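In the working numbering, the protein residues as written are 8 to 148.
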(Lines of atoms letter the chains of each structure in order from A and count residues from 1; the text may use other names and numbers.)
(Lines give C-alpha, C1' and ligand atoms only; values in the text may rest on other atoms or scores of the structure.)
Protein backbone atom coordinates (compact mmCIF):
# COMPACT_ATOMS: atom_id res chain seq x y z
CA UNK A 1 0.00 0.00 0.00
CA UNK A 2 1.45 3.39 -0.97
CA UNK A 3 1.69 6.38 1.40
CA UNK A 4 -1.40 8.12 0.01
CA UNK A 5 -3.52 5.02 0.53
CA UNK A 6 -2.08 4.59 4.04
CA UNK A 7 -3.04 8.18 4.95
CA UNK A 8 -6.56 7.69 3.55
CA UNK A 9 -6.86 4.50 5.60
CA UNK A 10 -5.58 6.22 8.76
CA UNK A 11 -8.06 9.08 8.25
CA UNK A 12 -10.95 6.68 7.65
CA UNK A 13 -10.07 4.76 10.83
CA UNK A 14 -9.89 8.03 12.82
CA UNK A 15 -13.31 9.17 11.56
CA UNK A 16 -14.85 5.73 12.15
CA UNK A 17 -13.52 5.64 15.73
CA UNK A 18 -14.99 9.10 16.38
CA UNK A 19 -18.33 8.05 14.84
CA UNK A 20 -18.64 5.05 17.15
CA UNK A 21 -17.45 6.90 20.30
CA UNK A 22 -14.40 4.63 20.54
CA UNK A 23 -12.33 6.95 22.73
CA UNK A 24 -9.25 4.69 22.85
CA UNK A 25 -9.07 4.14 19.08
CA UNK A 26 -9.88 7.79 18.34
CA UNK A 27 -7.22 9.28 20.60
CA UNK A 28 -4.83 6.49 19.65
CA UNK A 29 -4.90 7.90 16.11
CA UNK A 30 -3.15 11.08 17.36
CA UNK A 31 0.40 11.74 18.52
CA UNK A 32 0.81 12.81 22.16
CA UNK A 33 1.94 16.26 21.02
CA UNK A 34 -0.99 16.76 18.62
CA UNK A 35 -2.69 20.16 18.58
CA UNK A 36 -6.34 20.94 17.88
CA UNK A 37 -8.04 24.10 16.63
CA UNK A 38 -11.83 24.00 16.82
CA UNK A 39 -13.89 27.04 15.84
CA UNK A 40 -16.23 26.22 18.72
CA UNK A 41 -13.51 26.78 21.34
CA UNK A 42 -11.91 30.04 22.40
CA UNK A 43 -8.40 28.55 22.64
CA UNK A 44 -6.48 25.84 20.80
CA UNK A 45 -5.87 22.55 22.59
CA UNK A 46 -2.12 22.00 22.59
CA UNK A 47 -1.91 18.30 23.38
CA UNK A 48 -3.82 15.06 23.02
CA UNK A 49 -4.17 14.97 26.82
CA UNK A 50 -5.83 18.41 26.82
CA UNK A 51 -8.38 17.24 24.25
CA UNK A 52 -9.01 13.97 26.11
CA UNK A 53 -9.68 15.90 29.33
CA UNK A 54 -12.15 18.17 27.53
CA UNK A 55 -13.84 15.15 25.88
CA UNK A 56 -14.28 13.53 29.30
CA UNK A 57 -15.70 16.75 30.74
CA UNK A 58 -18.16 16.99 27.84
CA UNK A 59 -19.20 13.39 28.46
CA UNK A 60 -19.64 13.72 32.23
CA UNK A 61 -21.16 17.22 32.36
CA UNK A 62 -23.03 17.51 29.05
CA UNK A 63 -23.83 13.91 28.09
CA UNK A 64 -21.68 14.27 24.95
CA UNK A 65 -22.19 11.45 22.46
CA UNK A 66 -21.35 11.18 18.77
CA UNK A 67 -24.34 9.78 16.88
CA UNK A 68 -22.77 9.75 13.40
CA UNK A 69 -19.88 11.19 11.43
CA UNK A 70 -19.45 11.02 7.67
CA UNK A 71 -16.43 12.11 5.65
CA UNK A 72 -16.62 13.20 2.00
CA UNK A 73 -14.51 15.01 -0.61
CA UNK A 74 -11.23 13.69 0.80
CA UNK A 75 -7.95 15.06 -0.54
CA UNK A 76 -4.40 14.10 0.45
CA UNK A 77 -1.21 16.05 -0.24
CA UNK A 78 2.03 14.26 0.67
CA UNK A 79 4.87 16.47 1.91
CA UNK A 80 7.64 14.01 2.76
CA UNK A 81 6.88 12.46 6.16
CA UNK A 82 3.87 14.78 6.60
CA UNK A 83 0.53 14.47 4.85
CA UNK A 84 -2.21 17.08 4.62
CA UNK A 85 -5.66 15.49 4.67
CA UNK A 86 -8.65 17.73 3.87
CA UNK A 87 -12.29 16.65 3.88
CA UNK A 88 -15.85 17.74 4.48
CA UNK A 89 -17.43 16.21 7.55
CA UNK A 90 -21.09 15.84 8.54
CA UNK A 91 -21.51 15.15 12.25
CA UNK A 92 -24.49 14.44 14.45
CA UNK A 93 -23.97 14.81 18.21
CA UNK A 94 -26.01 14.72 21.37
CA UNK A 95 -25.19 17.25 24.10
CA UNK A 96 -27.37 18.07 27.09
CA UNK A 97 -30.03 15.79 25.64
CA UNK A 98 -30.28 17.77 22.39
CA UNK A 99 -29.32 16.58 18.92
CA UNK A 100 -26.89 18.82 17.01
CA UNK A 101 -26.02 18.48 13.32
CA UNK A 102 -23.03 20.22 11.78
CA UNK A 103 -21.46 20.53 8.36
CA UNK A 104 -17.76 21.31 8.66
CA UNK A 105 -14.50 21.30 6.78
CA UNK A 106 -11.48 19.79 8.43
CA UNK A 107 -7.75 19.66 7.85
CA UNK A 108 -5.77 16.93 9.60
CA UNK A 109 -2.00 16.75 9.39
CA UNK A 110 -0.57 13.25 9.60
CA UNK A 111 3.06 12.45 10.37
CA UNK A 112 4.72 9.18 9.36
CA UNK A 113 6.05 7.52 12.47
CA UNK A 114 9.55 6.19 12.92
CA UNK A 115 9.66 3.40 15.44
CA UNK A 116 11.85 0.55 16.52
CA UNK A 117 8.93 -1.86 16.47
CA UNK A 118 7.90 -3.35 13.15
CA UNK A 119 4.22 -2.81 13.97
CA UNK A 120 4.58 0.96 14.44
CA UNK A 121 7.15 1.58 11.70
CA UNK A 122 5.71 3.73 8.95
CA UNK A 123 2.32 4.24 10.65
CA UNK A 124 0.65 7.58 9.95
CA UNK A 125 -0.66 9.37 13.06
CA UNK A 126 -2.53 12.68 13.20
CA UNK A 127 -0.46 15.50 14.71
CA UNK A 128 -2.79 18.47 14.08
CA UNK A 129 -6.50 18.93 13.48
CA UNK A 130 -8.19 22.15 12.39
CA UNK A 131 -11.99 22.20 12.19
CA UNK A 132 -13.90 25.01 10.48
CA UNK A 133 -17.58 25.69 9.99
CA UNK A 134 -18.72 25.05 6.44
CA UNK A 135 -19.28 28.35 4.65
CA UNK A 136 -22.96 29.02 4.10
CA UNK A 137 -24.54 31.33 1.60
CA UNK A 138 -21.45 31.67 -0.55
CA UNK A 139 -22.03 31.88 -4.29
CA UNK A 140 -21.34 28.66 -6.15
CA UNK A 141 -18.10 28.67 -8.17
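Just so you know, even glycine gets a beta-carbon here, dropped at the ideal spot from N, CA and C. Just so you know, these numbers come straight off a predicted model, no measurement behind them.
Item                                                                                                          : Value
Pair within 8 Å by beta-carbon distance, residue 60 and residue 131                                           : no
Alpha carbon of residue 153 to alpha carbon of residue 88, nearest angstrom                                   : In the structure displayed, the chain extends from 8 to 148; residue 153 sits before or after that span and is not available.
Beta-carbon gap between residue 99 and residue 78 smaller than 8 Å                                            : no
C-beta contact flag for residue 135 and residue 42 at 8 Å                                                     : yes
Continuous alpha helix (DSSP H) stretch holding residue 55: start and end                                     : 55 to 69
Completely contained beta strand (DSSP E) runs for the region 91 to 130, where each covers 3 or more residues : 105 to 119
Range of the contiguous alpha helix (DSSP H) that encloses residue 86                                         : No alpha helix (DSSP H) contains residue 86, which is instead part of the beta strand (DSSP E) from 72 to 86.
Residue 103 to residue 68 span [Cα, whole Å]                                                                  : 8 Å
C-beta contact flag for residue 30 and residue 62 at 8 Å                                                      : yes
Backbone secondary structure at residue 26 - three-state DSSP                                                 : helix
DSSP three-state assignment for residue 136, whether helix, strand or coil                                    : strand
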